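The numbers in UniProt numbering rise by one with no breaks, and the one at position 52 of the sequence shown is 52.
Every residue gets a Cβ at the ideal spot worked out from N, C-alpha and C, and that includes glycine.
All values reported here derive from a predicted model rather than from experimental measurement.
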Amino acid sequence: MDTPLPRDAGVAAWKQIADALEAGIAAGRPGPGERLPTEAQFAARFGVNRHTVRRALAALAERGLIRSAQGSGSFVEAAPLRYPIGARTRFSEIVSGAGREAYGDLIAATEVPAGAALAAALGIAAGAPVLEMLTRHRADGTPISMGRACLPLPRFAGIDRAYAEAGSLTRAYAAFGVTDYRRLETRITARPADAAEAALLELAPGRVVLVTESVNLDQHGVPIQATRSQFAADRVELVVTG
1 MDTPLPRDAG
11 VAAWKQIADA
21 LEAGIAAGRP
31 GPGERLPTEA
41 QFAARFGVNR
51 HTVRRALAAL
61 AERGLIRSAQ
71 GSGSFVEAAP
81 LRYPIGARTR
91 FSEIVSGAGR
101 EAYGDLIAAT
111 EVPAGAALAA
121 ALGIAAGAPV
131 LEMLTRHRAD
141 GTPISMGRAC
151 LPLPRFAGID
161 RAYAEAGSLT
171 RAYAAFGVTD
181 YRRLETRITA
191 RPADAAEAAL
201 LELAPGRVVL
211 VTESVNLDQH
221 GVPIQATRSQ
231 FAADRVELVV
241 TG
């Protein structure tokens, strides 16, 4: 990664930089999850301007080799997280089991009326109030997924505050008498991330997200949550279990 760029190689400078960085990443220098040098440092190292470096980094991000976090820099992508989806799916347990630190961020919470499809999924009347929470879930600081979870009111009034404090829906549920819950069903599709999703998940434009739609039941078989989640496709391997 320290080799000066040959000026007569017939290859654009940004492509030479991208190739050099890719070779370094493949050799583990830097390793998964590690921060890359700054654009200014790369520019000085290769003797180019920052725009050239930025184009090289964008090319690597588009290929899923690195991610860029606003205000934090660029990082080498870690190996995809094995993410089982079955009757008992818990983000915190899955991430912790992989030896990584799990945490959830509450982005927004709003009371909205349930549409017909959502009402049917939760077993409530159309137009009944639900709490819609927009959340983001991270492993070792890397965004893995985001989602909109809808929970019936007034049963779960205030659970957004409990979630914001605990960083885990499982722990927040415990404060509302839900000692366990299970997944009724999950539907999975894929599409390019939109601009808002790309920003929250720190994805390059056009990267793919895996979209899951699910319904959870409490320990008594009562529907408590309908969620649509978007997973960064390069960062997970969804494994459907029995």
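- The straight-line gap separating the alpha-carbon atoms of residue 100 and residue 139 is approximately 6 Å.
- In the DSSP assignment, residue 142 falls within the beta strand (DSSP E) that extends over 142-152.
- Here residue 225 carries a strand assignment [DSSP, helix/strand/coil].
- Beta-bridge pairing by DSSP links residue 68 to 74.
- Residue pairing by DSSP places residue 138 opposite 103 and 143 in a beta bridge.
- If you compare the alpha carbons of 193, 27 and 77 with that of residue 34, the shortest gap goes to 77.
- For residue 230, the pairing in a beta bridge is given by DSSP as 146 and 211.
- With 16 or more other CB atoms across the displayed protein chains lying within 10 angstroms of its CB, residue 229 is buried.
- Beta-carbon to beta-carbon, residue 144 and residue 60 are separated by about 20 Å, too far to satisfy the 8 Å threshold.
- By the C-beta criterion, the segment 36-52 is judged not to be in contact with the segment 201-208, since fewer than 3 inter-stretch pairs fall below 8 Å.
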